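Data first, discussion second: the structure below is written as structure tokens.
In this note's numbering, the protein residues as written are 332 to 697.
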């Protein structure tokens, strides 16, 4: 519990000091999908140990995200935070996947607010508009989602795995909140596509870890919302077991988590998926043991990272001034940046919170 709370505290502190437009790495230009992960981690911790600052910072982030909706050439598109050029209403790049990550975080914020709360209703309306937009403009005949814009060109002729994963992730809870059947129908189509997809080593805007981590969480979201008697249920389980869990256990400390510590930014999410497997399918000894080893590795990195952040008094965008001397030593500066990343990383926070209380993580909490 200690690290889960410490990460959430660090996220809240960074948001409070720098505002919702915060950045972990300068060149990342405040990527919104990372903020979405951080918000989900912080709010999951809030379900276990409520703190006023957690919800306050999450609400501020939600207000900012809603204000930025419509600044990417269409009134219903979310802003990914990349600062990309827009020509004639078309952004250089705009991705369905990234924006789906924002949508699920927004719904997480809404889940804490009273039914008649103004912000809650604004969030739900916003996510509905985004969902309707991508369903109408970025789906194929089978209901699968496409990439979005890349280099000012619409990538709309083939499905993109991450777009399906992240859209599915928010469509299920959106259906639960609104009761609108169209969102369940679309979620089922995305689930069907994900459960049939097997190209997990595909390098197209992903990697073996990236693809499995995002798809697996999304498929587990489907399992949490569909009945075990539904035909698609078994197909989802088979895809998870055959292509994700088996790979994760057989390639631990080879394809991911090398040298006993995270080797890929999405490693913590894959750890959370092992824990999801334990919760929703079965407590396979190999899976349980792999997850335990991985969590120990994460704790090892966090212990080192928190000590570094505290030593150098690092806090988000204040990093530039607080570590100006460190800039003269490139290796030291990069090391401090990496440590700051770990202690505010939403995926790491999500894994640590989930390891303490699986029911705290949205949308599994609903």
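Glycine included, C-beta positions come from ideal geometry on N, C-alpha and C.
None of the values given here were measured: they were computed from a predicted structure.
Taking the alpha carbon of residue i as the point to measure from, which residue in the options has its own alpha carbon closest?
i           : options               : result
residue 525 : 481, 561, 512 and 574 : 574
residue 583 : 564, 626 and 695      : 626
residue 349 : 339, 392, 556 and 374 : 392
residue 462 : 385, 482, 686 and 437 : 437
residue 624 : 510, 587 and 571      : 587
residue 493 : 451, 676, 455 and 543 : 543
residue 540 : 577, 672 and 479      : 577
residue 385 : 414, 337, 459 and 363 : 337
residue 454 : 505, 421, 412 and 491 : 505
residue 369 : 529, 538 and 677      : 677
residue 442 : 374, 600, 580 and 460 : 374
residue 509 : 460, 523 and 537      : 460
residue 371 : 424, 404, 421 and 435 : 435
residue 491 : 531, 408 and 579      : 531
residue 421 : 474, 481, 464 and 501 : 481
Alpha carbon to alpha carbon, what distance is there between residue j and residue i?
i           : j           : result
residue 603 : residue 597 : 10 Å
residue 311 : residue 426 : Outside the displayed span of the chain (332 to 697) sits residue 311, for which this structure offers no information.
residue 592 : residue 628 : 5 Å
residue 556 : residue 634 : 36 Å
residue 342 : residue 417 : 31 Å
residue 344 : residue 562 : 46 Å
residue 466 : residue 590 : 43 Å
residue 360 : residue 560 : A caution first: residue 360 carries a pLDDT of 40, below 50, which makes its placement in the model unreliable, though a value can still be read off. Cα-Cα distance, rounded: 45 Å.
residue 476 : residue 468 : 9 Å
residue 470 : residue 621 : 37 Å
residue 535 : residue 412 : 22 Å
residue 503 : residue 552 : 7 Å
residue 520 : residue 440 : 26 Å
residue 367 : residue 390 : 12 Å
residue 550 : residue 615 : 19 Å
residue 347 : residue 395 : 14 Å
residue 696 : residue 450 : 20 Å
residue 387 : residue 457 : 19 Å
residue 478 : residue 682 : 27 Å
residue 618 : residue 601 : 11 Å
residue 685 : residue 679 : 10 Å
residue 554 : residue 564 : 7 Å
residue 566 : residue 546 : 14 Å
residue 339 : residue 630 : 15 Å
Taking the alpha helix (DSSP H) that residue i belongs to, which residues open and close that run?
i           : result
residue 504 : 492 to 509
residue 547 : 539 to 556
residue 677 : 677 to 687
residue 367 : 363 to 379
residue 390 : 383 to 399
residue 515 : 512 to 527
residue 345 : 333 to 349
Are there three or more Cβ pairs, one per stretch, closer than 8 Å when the region 675 to 695 is compared with the region 363 to 382? yes
Per the contact definition of three or more C-beta pairs closer than 8 Å, is the region 441 to 457 in contact with the region 510 to 520? no
Any chance the region 496 to 509 sits against the region 416 to 432, with 3 or more Cβ pairs inside 8 Å? yes
At what residue ranges does the region 415 to 490 contain a whole run of the alpha helix (DSSP H), taking only runs of 4 or more? 427 to 441 and 449 to 468
Per the contact definition of three or more C-beta pairs closer than 8 Å, is the region 398 to 409 in contact with the region 333 to 346? no
Within the chosen definition, does the region 604 to 614 reach the region 628 to 640 through at least 3 CB pairs nearer than 8 Å? no
Of all the alpha helix (DSSP H) runs that stay within the bounds of the region 562 to 640, which reach a length of 4 or more residues? 562 to 570, 577 to 581 and 598 to 611
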